[in-house]
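**Q**
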Amino acid sequence: MIKMAMSQAAASLIRALVARARVERNRILLTDVQSVDWQSLTLTGERHQIAFRVTGLDSAEIARRMCAGLEDAEFSIPGVIVADIAVVGAPARQCDGATELMIEALTVSEN
Numbered sequence: 000m001i002k003m004a005m006s007q008a009a010a011s012l013i014r015a016l017v018a019r020a021r022v023e024r025n026r027i028l029l030t031d032v033q034s035v036d037w038q039s040l041t042l043t044g045e046r047h048q049i050a051f052r053v054t055g056l057d058s059a060e061i062a063r064r065m066c067a068g069l070e071d072a073e074f075s076i077p078g079v080i081v082a083d084i085a086v087v088g089a090p091a092r093q094c095d096g097a098t099e100l101m102i103e104a105l106t107v108s109e110n
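Per numbering that gives the first Met the number 0: the sequence shown = residues 0 to 110.
(1) What do you reckon, are the CB atoms on Glu99 and Gln48 nearer than 8 Å?
(2) What residue range does the alpha helix (DSSP H) around Arg19 cover?
(3) Does the count of Cβ pairs from the segment 31-40 and the segment 4-15 closer than 8 Å reach three?
(4) Do you know how far the Cα of Leu16 is from the Cα of Ala67?
(5) Which same chain residues, not among the five before or five after Arg24, have their C-beta less than 8 Å away from its C-beta?
(6) Go through its chain and collect everything with a Cβ distance to Thr54's Cβ below 6 Å, but skip five positions before and after it.
(7) What are the boundary residues of the beta strand (DSSP E) that Ser39 is part of?
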């Protein structure tokens, strides 16, 4: 298993997104994560681009649960506010039955 370097905010957001799917964690693979620092005049945080691959014949349903109402979802991540989050494009079904999706988010530090 290869471990990707990521910030605490990114790791916490990924755990929260996977939990939304309500399946075993090994069904949702993290294929890419990129985070860059973000700041305004009064706030600091990170912009994240997170790619997932959901395996199995029911992958489309799992991806749907993960993404349903995402823009309005409330996340409970200590020290972090999810200020903006959205699915990029439509989840793509692959020939092996897996579904791939990309999520972009802005997290802001509460400190």
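We treat Cβ as the ideally placed atom computed from N, Cα and C, and that holds for glycine.
**A** This is what the structure holds:
(1) One-based indexing of the sequence shown puts residue 99 at position 100. One-based indexing of the sequence shown puts residue 48 at position 49. Contact: no.
(2) In the sequence shown, the residue the question calls residue 19 occupies position 20. Unbroken alpha helix (DSSP H) run through Arg19: Gln7 to Ala20.
(3) yes
(4) Within the sequence shown, numbered from 1, the residue matching residue 67 stands at position 68. Within the sequence shown, numbered from 1, the residue matching residue 16 stands at position 17. The straight-line gap from Cα to Cα measures roughly 11 Å.
(5) The residue given as residue 24 occupies position 25 in the sequence shown. Here the set comprises Val17.
(6) As a working mapping, residue 54 is identified with position 55 in the sequence shown. Cβ within range, chain order: Arg26 and Ala97.
(7) If you number the sequence shown from 1, residue 39 lands on position 40. Careful: Ser39 lies outside any beta strand (DSSP E) and carries neither H nor E.
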